[in-house]
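*Asks:* Handing you this structure, nothing more for now.
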Amino acid sequence: MRLWKWLKLGFDQTFSGAWWKQLLWLTSVIVFFFAGMYILRPQVGISPQTENVFTSPAEQETQKLNFWDLVELFIDPGGFANQKEVNRPYALLVVLAGMLLLTGILISVFSNMLERRVERFRKGDSHYAFSNHIIILGIDDMVPYLIQQLRRNAEYKKCDIVVLTVEDTEQVRLKFHAELNRKEERRLVILHGRRDSKEELKKARVHKAEKLFILGEANEYDRDSLNIDCVKRVAEICEQTKRKKPLCCHVLFEYQGTFSVFQVSDISQQIKQYIEFTPFNFYEIWARRVLVKCSAESNGTIHYFPLDRGGISENSENYVHLVIIGMTRMGIALAIEAAHIAHFPNFKTHRKKTRITFIDREARREMDFFMGRYRHLFDLSEARFMDCEQDKTFHPCPRTSTADFIDLEWDFIQGRAESEPVQTLLGQWSGEKDKLLTIAICFNFPHTSLALGLYLPDAVYAHQVPVLIRQETSDTILQIVNSSIKYQALRPFGMVNRCYDLTMEDLYLPKYINYVYDYFYQHGVNPPDLPSEKELTEKWNKLRVVKQWSNIYNASSIATKLRSIGIALPMKDRMRELTPHEIAILAEVEHNRWNVEELLMGYRTVTPEEEKEIEKNIELKNVYKEKRTAHYDIRPYEDLRSDESGRCANVYDISITSAIPLILNHIHTQTDQVED
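To convert a position in the sequence shown, counted from 1, into the working numbering, add 997.
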C-alpha cells in the first residue's frame, strides 16, 4: 500500500510540476522498458531474417532480436508484419508498448507541458532572465498611464516592463488590454507574487533592473509600511548580488504624514548604498501638476490657471486667494504646495499676503490637527476661524509670536459649502477686483465635487474664476461642459489614472541650483559655467534629503518669481540677464519663500536666549539647527545676520537668483542639442 501511495503521489507531483520532471519520468519508463525487454530477449523469438530451423545454440543466439530491432518495432508498428510467427507475441508486446508510450503518453506529456506553460504564463508564474528592465510592484489605476509614459520615453522604449502583483493576473491583463494599445503591451510581462517576498523579488530579478516603482496594491491595508519593507528587501538582494550602481527606486506613500517624514529624514546608509530612494505621494504630485506645472495629460492636455495668473509685480495691488472646499488629503496637499510657491514682491511694497481659506463642515477639528502638525508656521502666521452656523465673523487664532514677516494668512470656515452663508462669501470674493481667486473643490466623492462645481454662485462664473474640481477616474463630463461659456474656467484634476508624471522626475533644475549654492559657498562667486550631469548627480547624491527637497521647492517657485518681473516660462529664446533691481526683488521673495519652507519642514525660529548664544558663538548655529530644529536664519530678510563664513545670509539668495538665467539658458541649450 505504501509503495502504491508513493507511486501515485510521485506521478501526480511530477505531472503537475515542471516540464523537465515530466520528460524525466517518461524517459525513465522507456529506459526501464527497454532494459526489461532486452534482458528477456535471449529467451524468446527469432530474427525476421532467420528462415531455417536453428541447429546449434550459438547460431540461434546470433539470430536473436538485437537492440536496433527493438527500436524499430518500438517506433514503427509496420515492422510487426516482417516478424516470423514465432516472434510475433514478443514483437506485439514491443509494438503495443511503443504505441502507448510514444503515441499516447509522449504526446500527452508534450501537450501537458504546453498547457502548463500557457497556464503558468496566464497566472503569472513564468520567469525569465530579465536585465535592464523596469519593474512595477503592485497594481492600481495609475499603472496603465505609467506604462504609456514609459513606452513614449525614448530612454525606456526598448526596456521590458515587469508588473509583479498579488491580483488575478488574467484580470490585470484584461484591464491592460482595454487601456493599452498593442505597441504599449509589447514587452509587458505580468508576474504573480508578493513584493514582501525575497524569493518573488529575485524571480523578478530586481537586482538587474534599470528602474523600480514600488506602488503597492489598490485598497491595501498599511500600504506605506509594506512599501518600506519592500525597499529594505530590495536593498538586501542588491547587497547579496553585489550590485554596483544604485537602483533608481520610486516609492509611493499613500499618506502625507509618511511622505513628509521621508522629506526630512534620510534612509539608512546601508540602503542608500544600493537604492536611489525617491518617495512620492499621489496628492502631492497632483498639487504640483496643478500649481507648478500648470498642465496635465488626460484626453488631451488640461491647462490650469496659475494662482497669480500673469504675475504679481512689486507695484501690484493684487493678491492670491486660494479657497479650498473640503479639508481632505487632496485639499491639504494643494494648500501646502500653494504655501511653497505663492510668494510675491508686493508683500514688501504693499504688505499683500497670499490668503489660503479652508471650508469644511468639520473645519474646527481639522484646523486643530492642521495647526498642530505645522505648529511652528502658525506661531508666526495670521489665522482666523469662522463658524457659519454661529456668529458668521472671523476670530483670530492665538499664536505665540507677534512677528509679521510671513507673507501668508489662513482662514478656516466651518460650514456646509452649499449653505447660504458660504455661497454668499464665494459670491462676494468673486467680485473683489484686487483678489486673484481660485476655488478648489476637493471632496472625496467625485459626484459631490462635480455637483458643487456646477452650482456655485453666478458671480463665480461671470468673473471666470478658475474652479478646480476633483474627479476620481474620468474627466469626460467636465470636458463636455467646458464647451459652454459659463463653465469655461472649470478644470478637472486628481484623476487616479493620470497621476504619475515622468516629466516631473527631471531634477536638472534642482541639481543646478544646488551646484550654484555649493560653488558660491566655496568660492564666493557664481560659477562661470555649469558641469556635466555626472558631476551634478555626484553632488546631489551626497546631499541630505531635506536639502534635496529644499532645492526642489526652490526650483518649483522659479516660474512664479519670473512672472512677477514679466518673464513667462517656457521661453523660446535664451533668457536675458536680470537687472540688479530685479535680483534684489526676487532675492527677498526667495527668502520669504524659504522661511515658509523651513517652517513647513518642522524648523522653528530661535528663542531670544538661543539667539544671544549663537551671536556669541556662531558655531552653535548648526548645532541648534541639527539638534533642536531651531534655525537662526528664519527671520525677516532685512534682519539676516552673518554665518560662520562671515557672509550675510542674504548673499545666498542673491547668488541663486542671479544664476537663474545661466541655469535656464544651459538647460535650453541642452534641449536644443537633443532635438537636433
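Every residue gets a Cβ at the ideal spot worked out from N, C-alpha and C, and that includes glycine.
Quick one: grab the DSSP three-state call for Leu-1209.
*Replies:* Here the question's residue 1209 lines up with position 212 in the sequence shown. It is a strand residue.
*Asks:* Distance check for Gln-1461 and Ser-1310, CA to CA, integer angstroms please.
*Replies:* Counted from its first residue, the sequence shown places residue 1310 at position 313. Counted from its first residue, the sequence shown places residue 1461 at position 464. Those two C-alpha atoms are separated by around 22 Å.
*Asks:* If you count every other CB in all the chains shown that lies within 10 Å of the CB of Pro-1342, and 16 or more means buried, which is it?
*Replies:* If you number the sequence shown from 1, residue 1342 lands on position 345. Under this definition Pro-1342 is a buried residue.
*Asks:* Do Leu-1331 and Ala-1437 come within 8 Å of each other at the CB atom, strictly closer than that value?
*Replies:* Taking the first residue of the sequence shown as position 1, residue 1437 is located at position 440. Taking the first residue of the sequence shown as position 1, residue 1331 is located at position 334. Against a cut-off of 8 Å, the Cβ pair of Leu-1331 and Ala-1437 comes out as a contact.
*Asks:* Which residue comes first and which comes last in the beta strand (DSSP E) that contains Val-1203?
*Replies:* Along the sequence shown, read from residue 1 onward, the residue named residue 1203 stands at position 206. Taken as a continuous stretch (DSSP letters only), Val-1203 belongs to no beta strand (DSSP E), as it is neither H nor E.
*Asks:* Run the CB neighbour count on Asn-1647, radius 10 Å, all protein chains shown included, and call it buried at 16 or more, exposed below.
*Replies:* Translated into positions along the sequence shown, residue 1647 becomes position 650. With 16 or more other Cβ atoms within 10 Å, it is buried.
*Asks:* Are the CB atoms of Asp-1498 and Ile-1187 within a distance shorter than 8 Å?
*Replies:* Here the question's residue 1187 lines up with position 190 in the sequence shown. Here the question's residue 1498 lines up with position 501 in the sequence shown. Cβ distance not < 8 Å, so Ile-1187 and Asp-1498 don't count as in contact.
*Asks:* Can we say the region 1171-1183 touches the region 1210-1220, given the rule of at least three CB pairs closer than 8 Å?
*Replies:* Result no; under three Cβ-Cβ pairs closer than 8 Å.
*Asks:* Taking Phe-1274 as the reference, give the member of Leu-1209, Thr-1238, Ser-1257 and Gly-1323 with the closest Cα.
*Replies:* Taking the first residue of the sequence shown as 1, we reach residue 1274 at position 277. Here the closest residue by C-alpha is Leu-1209.
*Asks:* Thinking just about the alpha-carbon of each residue, which of Gly-1491, Val-1478 and Asn-1538 is nearest to the one in Gly-1328?
*Replies:* Looking up residue 1328 in the sequence shown gives position 331. That would be Gly-1491, whose Cα lies nearest to the Cα of Gly-1328.
*Asks:* Can you name the start and end residues of the beta strand (DSSP E) that Pro-1443 belongs to?
*Replies:* Numbered from 1 along the sequence shown, position 446 holds the residue referred to as residue 1443. Run containing Pro-1443: none in the beta strand (DSSP E); it sits in the alpha helix (DSSP H), 1443-1451.
*Asks:* For a test of the three-state rule: what should DSSP assign to Ile-1410, helix, strand or coil?
*Replies:* Position 413 of the sequence shown, counting from 1, holds the residue named residue 1410. It is a strand residue.
*Asks:* Which residues does DSSP list as the beta-bridge partners of Lys-1432?
*Replies:* By 1-based counting over the sequence shown, the position of residue 1432 is 435. In DSSP, Lys-1432 forms a bridge with Tyr-1316.
*Asks:* What's the C-alpha gap between Pro-973 and Pro-1524?
*Replies:* Any property of residue 973 remains undetermined from this structure, which presents the chain solely from 998 to 1673.
*Asks:* Judging by CA-CA distance, which residue of Ile-1510, Gly-1521 and Leu-1540 is the nearest neighbour of Ser-1554?
*Replies:* By one-based count along the sequence shown, residue 1554 stands at place 557. Here the closest residue by C-alpha is Ile-1510.
*Asks:* Looking at the secondary structure, which residues open and close the alpha helix (DSSP H) in which His-1588 lies?
*Replies:* In the sequence shown, counting from the first residue as 1, residue 1588 sits at position 591. Segment 1577-1597, the alpha helix (DSSP H) holding His-1588.
*Asks:* For Ser-1044, which of helix, strand or coil comes out of DSSP?
*Replies:* Counted from its first residue, the sequence shown places residue 1044 at position 47. Residue placement at Ser-1044 is flagged as unreliable, the pLDDT there being 45, under the threshold of 50; the coordinate-derived value follows with that caveat. Note: Ser-1044 maps to coil in three-state DSSP.
*Asks:* Run through the DSSP bridge pairs and tell me what Asp-1515 is partnered with.
*Replies:* Working through the sequence shown from its first residue, we reach residue 1515 at position 518. DSSP, once it has assigned bridges, lists no residue as partnering Asp-1515.
*Asks:* Provide the residue(s) that pair with Arg-1119 in DSSP beta bridges, ordered along the chain.
*Replies:* Position 122 of the sequence shown holds residue 1119. Beta-bridge pairing links Arg-1119 to no other residue.
*Asks:* Alpha carbon to alpha carbon, how far is His-1124 from Thr-1059? Give it in angstroms, no decimals.
*Replies:* Position 62 of the sequence shown, counting from 1, holds the residue named residue 1059. Position 127 of the sequence shown, counting from 1, holds the residue named residue 1124. Because the pLDDT of Thr-1059 is 47, which lies under 50, any placement of that residue in the model is unreliable, and the number read from its coordinates should be weighed accordingly. Thr-1059 and His-1124: Cα-Cα distance of roughly 53 Å.
*Asks:* Skipping 5 residues on each side, what residues in its chain have a beta carbon closer than 6 Å to that of Glu-1579?
*Replies:* Numbered from 1 along the sequence shown, position 582 holds the residue referred to as residue 1579. Result list for Glu-1579: Ile-1562, in chain order.
*Asks:* Tyr-1218: buried (16+ other C-beta within 10 angstroms of its C-beta) or exposed?
*Replies:* Within the sequence shown, residue 1218 is the residue found at index 221, counting from 1. Flag for Tyr-1218 reads exposed.
*Asks:* Short of 6 Å in beta carbon distance, which residues of its chain neighbour Val-1603, apart from the five on each side in sequence? Order them along the chain.
*Replies:* As a working mapping, residue 1603 is identified with position 606 in the sequence shown. Result list for Val-1603: Ala-1627 and Tyr-1629, in chain order.
*Asks:* Take Lys-1290 as the anchor and find which of Lys-1569, Arg-1396 and Ala-1556 has the nearest alpha-carbon.
*Replies:* On the sequence shown, position 293 is the one that residue 1290 refers to. It is Ala-1556 whose Cα lies nearest to the Cα of Lys-1290.
*Asks:* Reducing DSSP to helix, strand and coil, say where Arg-1467 ends up.
*Replies:* Indexing the sequence shown from 1 puts residue 1467 at position 470. Strand, per DSSP.
*Asks:* Just to confirm the assignment, what range does the beta strand (DSSP E) spanning Phe-1682 have?
*Replies:* Outside the modelled stretch of the chain, which goes from 998 to 1673, sits residue 1682, for which no answer is possible.
*Asks:* Tell me, please, whether the region 1250-1266 touches the region 1534-1542 by the rule of three or more beta-carbon pairs shorter than 8 Å.
*Replies:* Touching, yes, given that three or more Cβ pairs across the two stretches are closer than 8 Å.
*Asks:* Would you decide whether Gln-1667 is buried or exposed? Buried here means 16 or more other CB atoms lie within 10 Å of its CB.
*Replies:* Reading the sequence shown from its first residue, position 670 is the one you call residue 1667. With fewer than 16 Cβ atoms within 10 Å of its Cβ, Gln-1667 is classed as exposed.
*Asks:* Measuring CB atoms only, is the region 1408-1424 touching the region 1381-1399, in the sense that at least three cross pairs come out at less than 8 Å?
*Replies:* Cβ pair count under 8 Å is three or more, so yes.
*Asks:* Where DSSP assigns a beta bridge to Leu-1331, which residues make up the other side?
*Replies:* Working through the sequence shown from its first residue, we reach residue 1331 at position 334. Answer by DSSP bridge pairing: none, since Leu-1331 is not bridged.
*Asks:* In angstroms, rounded to a whole number, what distance separates the CA positions of Val-1169 and Leu-1566?
*Replies:* By one-based count along the sequence shown, residue 1169 stands at place 172. By one-based count along the sequence shown, residue 1566 stands at place 569. Distance between the alpha carbons of Val-1169 and Leu-1566 is about 40 Å.
*Asks:* Near Asn-1049, which residues of its chain fall below 8 Å by C-beta distance, leaving aside the five closest residues on each side in sequence?
*Replies:* Translated into positions along the sequence shown, residue 1049 becomes position 52. Legend: pLDDT at Asn-1049 = 48, less than 50; position of this residue unreliable, no value from coordinates given.
*Asks:* Pop quiz: Val-1586 and Lys-1558 are said to be a contact at Cβ under 8 Å. What is the actual Cβ separation, rounded to whole angstroms?
*Replies:* As a working mapping, residue 1586 is identified with position 589 in the sequence shown. As a working mapping, residue 1558 is identified with position 561 in the sequence shown. With 8 Å as the limit, Val-1586 and Lys-1558 qualify as a contact, their Cβ atoms being about 6 Å apart.
*Asks:* Can you confirm whether the region 1314-1322 touches the region 1423-1435 when touching is taken to mean that 3 or more C-beta pairs between the two stretches lie within less than 8 Å?
*Replies:* Touching, per the Cβ criterion.
*Asks:* Between Ile-1631 and Glu-1595, which are expected to be in contact by the criterion C-beta below 8 Å, what is the C-beta distance as a whole number of angstroms?
*Replies:* Locating residue 1631 in the sequence shown gives position 634, where the first residue counts as 1. Locating residue 1595 in the sequence shown gives position 598, where the first residue counts as 1. Contact flag correct, Cβ pair sits at about 6 Å.
*Asks:* Suppose contacts are defined by Cβ-Cβ distances below 8 Å. Is Ile-1234 in contact with Leu-1198 by that definition?
*Replies:* Position 237 of the sequence shown holds residue 1234. Position 201 of the sequence shown holds residue 1198. Contact flag set, yes.
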